[in-house]
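Inspection log for the structure reproduced underneath, given as structure tokens.
Residue numbers (this note's numbering): 106 to 650.
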């Protein structure tokens, strides 16, 4: 009511009204008026629409933005709306002197509405059409403590249908982020349940849940639930503290850094207090928590994280560079969000304003997921394959052999199982060195693989012993197959890294099995082993079956 006269005056300044082409962006030619005491007002033109403090430093209280625009007569039967992407605190909007909408509440029952966009229908009966007819928009704002008024994109006038579609798109984007975060959290917490010593997955899962709730506080859905706006705002600030705490725990755990106890518990205690205190502080002082968190992040946590990255890369920890770059970009995105929020820099992503950090958080999840898959693949390889020869380990070979026997019996086939032993391998190692021995083992495995089909099996049975299994047509075919393997391994000398040429000898002991044979894999291996031992006594360097 303080500035009610402004609604009825044509203008305090000679404004050029915005033209009528849709969408109509109301960016220039605004005037901002504030109360300077004793019913006096101070009005300043806004070359570019911005927060109240950009013009009136440190101002708190009621302020008024107003501007004019013109509409073409061809729009007379089209439903129009005003869209405001971001307006801090509570507002009341007037069109040509009549109130058309409100978000939040002015004092004495103040309710912040700083987290939400607005759209207000422009009633056709209040609009004026034609080149000589100006329309006046007045936005009353109650500025509370922090930077208030407009921030982000300028208000626009467009068809109601398009603005509703725009709002639906923005809300859908938020819900998509929330859904992704919930999936992230489920995966991470499921992995933690299976591997309870992996605390980094616990902290990251909880971080994603907190991030999902944090994003939810910005949604139109939460605004329509009837929950008091100040309560949602308190919850938003508390989640800011919780996210900072969980990110700290995740970082120290992922990079396996043993933080000094006094530093660790001091930060944990401080961030816990910052996460609780927004629910008890008076609304006038709640932004002090944000300032403290931003200061702590800038001067304590950011240098600490930088040190973590440096240490991890220097010590060549697994995935250190990849995670350092990914998390570094995330921290950069958080800083950009802070600066946009403080209006130090203009918004850099339009409708994605404030969502840079969630976007990078999704990027972190993708990287973590790939790392997790890579880790499990290595665990699987280490448990299944011999690192040196890329052949199956003994236990994995036996398990696969049992499966192959069942298939052979179902298909009325014949399978040959054989053990391969390198003759005099110990003497070769003693005469040369273990590097030469490793070269021989790798070459033998590679040459044996050449004679196998995709579904045949090759494993490393012991130090210089290999084991293979292959489907053949009959016992004679089994003998011919083992002779081909023997020839493939022994006919060409092996050249070592230092250009030595070594002729090797291999003794093979094999056994074949058909459909009627009920021997298990273990029994067949034992029988082949006995044939190999007898064969080495009888004549080394030959195939015995």
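In this text, a Cβ means the ideal position worked out from N, Cα and C, and glycines have one as well.
C-alpha distance - residue i paired with residue j, whole-angstrom precision
{"i": "residue 108", "j": "residue 328", "result": "Legend: pLDDT at residue 108 = 49, less than 50; position of this residue unreliable, value from coordinates given subsequently. Rounded to whole angstroms, residue 108 to residue 328 spans 29 Å at the Cα level."}
{"i": "residue 638", "j": "residue 556", "result": "24 Å"}
{"i": "residue 438", "j": "residue 324", "result": "20 Å"}
{"i": "residue 211", "j": "residue 217", "result": "9 Å"}
{"i": "residue 509", "j": "residue 609", "result": "31 Å"}
{"i": "residue 303", "j": "residue 628", "result": "40 Å"}
{"i": "residue 381", "j": "residue 394", "result": "10 Å"}
{"i": "residue 224", "j": "residue 262", "result": "9 Å"}
{"i": "residue 631", "j": "residue 297", "result": "41 Å"}
{"i": "residue 355", "j": "residue 157", "result": "38 Å"}
{"i": "residue 541", "j": "residue 566", "result": "20 Å"}
{"i": "residue 226", "j": "residue 199", "result": "11 Å"}
{"i": "residue 116", "j": "residue 122", "result": "Unreliable positioning characterises residue 116 in this predicted model, as indicated by a pLDDT of 43, which lies under 50. A coordinate reading is not provided."}
{"i": "residue 326", "j": "residue 230", "result": "30 Å"}
{"i": "residue 554", "j": "residue 598", "result": "17 Å"}
{"i": "residue 429", "j": "residue 309", "result": "16 Å"}
{"i": "residue 613", "j": "residue 604", "result": "28 Å"}
{"i": "residue 642", "j": "residue 363", "result": "58 Å"}
{"i": "residue 455", "j": "residue 258", "result": "Note that residue 455 scores a pLDDT of 43, beneath 50, so its modelled location is shaky; the value from the coordinates is reported in the next line. When rounded, the distance between both Cα atoms is 7 Å."}
{"i": "residue 401", "j": "residue 137", "result": "35 Å"}
{"i": "residue 147", "j": "residue 228", "result": "30 Å"}
{"i": "residue 181", "j": "residue 272", "result": "24 Å"}
{"i": "residue 529", "j": "residue 482", "result": "35 Å"}
{"i": "residue 502", "j": "residue 568", "result": "15 Å"}
{"i": "residue 339", "j": "residue 252", "result": "17 Å"}
{"i": "residue 387", "j": "residue 336", "result": "12 Å"}
{"i": "residue 112", "j": "residue 241", "result": "Model confidence at residue 112 stands at a pLDDT of 43, short of 50, so the residue's coordinates are unreliable; what they give is reported in the following sentence. One C-alpha to the other measures close to 8 Å."}
Continuous alpha helix (DSSP H) stretch holding residue i: start and end
{"i": "residue 617", "result": "Per DSSP, residue 617 belongs to no alpha helix (DSSP H); it is in the beta strand (DSSP E), 611-618."}
{"i": "residue 59", "result": "Given a span of 106 to 650 for the chain in the structure shown, any question on residue 59 remains unanswerable."}
{"i": "residue 263", "result": "Taken as a continuous stretch (DSSP letters only), residue 263 belongs to no alpha helix (DSSP H), being part of the beta strand (DSSP E) at 261-264."}
{"i": "residue 650", "result": "Unbroken run through residue 650: none, as it is neither H nor E."}
{"i": "residue 145", "result": "Counting along the chain, residue 145 falls outside any alpha helix (DSSP H), though it belongs to the beta strand (DSSP E) covering 145-151."}
{"i": "residue 651", "result": "The structure shown does not extend to residue 651, since the chain is modelled only from 106 to 650, so the question has no answer here."}
{"i": "residue 521", "result": "Here residue 521 belongs to no alpha helix (DSSP H); instead the beta strand (DSSP E) covers 519-527."}
First through last residue of the beta strand (DSSP E) which encompasses residue i
{"i": "residue 236", "result": "Counting along the chain, residue 236 falls outside any beta strand (DSSP E), and DSSP gives it neither H nor E."}
{"i": "residue 198", "result": "195-200"}
{"i": "residue 224", "result": "223-227"}
{"i": "residue 188", "result": "185-189"}
{"i": "residue 136", "result": "135-142"}
{"i": "residue 253", "result": "That residue, residue 253, is in no beta strand (DSSP E); it is neither H nor E in DSSP."}
Short Cβ contact (8 Å threshold) for residue i with residue j
{"i": "residue 571", "j": "residue 521", "result": "no"}
{"i": "residue 379", "j": "residue 398", "result": "yes"}
{"i": "residue 591", "j": "residue 648", "result": "yes"}
{"i": "residue 584", "j": "residue 650", "result": "yes"}
{"i": "residue 313", "j": "residue 286", "result": "yes"}
{"i": "residue 550", "j": "residue 562", "result": "no"}
{"i": "residue 706", "j": "residue 547", "result": "Since the first and last residues shown for the chain are 106 and 650, residue 706 lies out of range."}
{"i": "residue 498", "j": "residue 489", "result": "yes"}
{"i": "residue 79", "j": "residue 626", "result": "Residue 79 is absent from the model: the chain starts at 106 and stops at 650."}
{"i": "residue 425", "j": "residue 436", "result": "no"}
{"i": "residue 384", "j": "residue 343", "result": "yes"}
{"i": "residue 244", "j": "residue 347", "result": "no"}
{"i": "residue 321", "j": "residue 209", "result": "no"}
{"i": "residue 254", "j": "residue 318", "result": "no"}
{"i": "residue 636", "j": "residue 616", "result": "yes"}
{"i": "residue 373", "j": "residue 260", "result": "no"}
Residue i CB to nearest heavy atom of the ligand NAP below 7 Å
{"i": "residue 514", "result": "The model on display carries no ligand, and the ligand NAP is accordingly not part of it."}
Do the region 199-209 and the region 140-147 meet, that is, are 3 or more Cβ pairs less than 8 Å apart? The region 199-209 makes no contact with the region 140-147; the number of CB pairs closer than 8 Å stays below 3.
When you compare the region 287-305 with the region 181-188, are there three or more beta-carbon pairs, one atom per stretch, that lie closer than 8 Å? no
My parser needs the beta strand (DSSP E) runs of 3 or more residues fully inside the region 156-183; what are they? 166-175
Inspect the CB distances between the region 153-168 and the region 237-255 and report whether three or more fall short of 8 Å. Yes, since at least three Cβ pairs between the region 153-168 and the region 237-255 fall closer than 8 Å, the two stretches touch.
Contiguous alpha helix (DSSP H) assignments of at least 4 residues, all confined to the region 536-622: 539-555 and 580-595
Counting pairs of beta carbons, one from the region 126-141 and one from the region 163-177, are three or more of them closer than 8 Å? yes
Is it the case that the region 516-533 contacts the region 572-585, given that we only count it when at least three CB pairs across the two stretches are under 8 Å? yes
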